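Student: Using the working numbering, you'd call the opening residue of the sequence shown number 5 and step up by one each time. Every residue, glycine too, gets a C-beta built ideally from N, C-alpha and C. Since we're looking at a predicted model, the values are computed, not measured.
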Amino acid sequence: MTDAAEGLRLDKWLFYARIFKTRGLAAARVEAGGIRVNGQPCRKPGRAVRVGDVLTVSANRQVRVLHVREFTDRRGPAPEAQLLYHEDRDGLIDPAELSR
5 MTDAAEGLRL DKWLFYARIF KTRGLAAARV EAGGIRVNGQ PCRKPGRAVR
55 VGDVLTVSAN RQVRVLHVRE FTDRRGPAPE AQLLYHEDRD GLIDPAELSR
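#1: Answer yes or no: do P49 and A31 have a C-beta to C-beta separation smaller than 8 angstroms?
#2: Please state the DSSP three-state secondary structure of A36.
#3: Is L87 buried or exposed, if buried means 16 or more other CB atoms sit within 10 Å of its CB?
#4: Which same chain residues, not among the five before or five after R47, have their C-beta less than 7 angstroms away from its C-beta?
#5: How big is the Cα-Cα spacing for R68 and E10?
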């Protein structure tokens, strides 16, 4: 596990948590403005994410709200990756409603 005090790069965390298939895709989504950290837009893939941060991820025509629980130093199997975050199902937003 990675030291929680230092945090972990946003693009790495998104890749390790299996939100994106590659780190490059994660970085591209961050740079495109598809990620918010604690409600603030973030366009820097190298931004440090810490335990307790709330990520709002807009991808694949869906918006997900993820609460960072912990870090890892590798991309593991899906059941292991799901332990890295808690998904706020009540916070799911239909992108069609955002355009109204």
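Tutor: This is what the structure holds:
#1: Yes, these two residues count as a Cβ contact at 8 angstroms.
#2: coil
#3: For L87, the number of other beta carbons within 10 angstroms of its own is below 16, and it is reported as exposed.
#4: Excluding sequence positions up to five before and after R47, its CB lies within less than 7 angstroms of the CB of V34, E35 and G37, all in the same chain and listed in chain order.
#5: 25 angstroms
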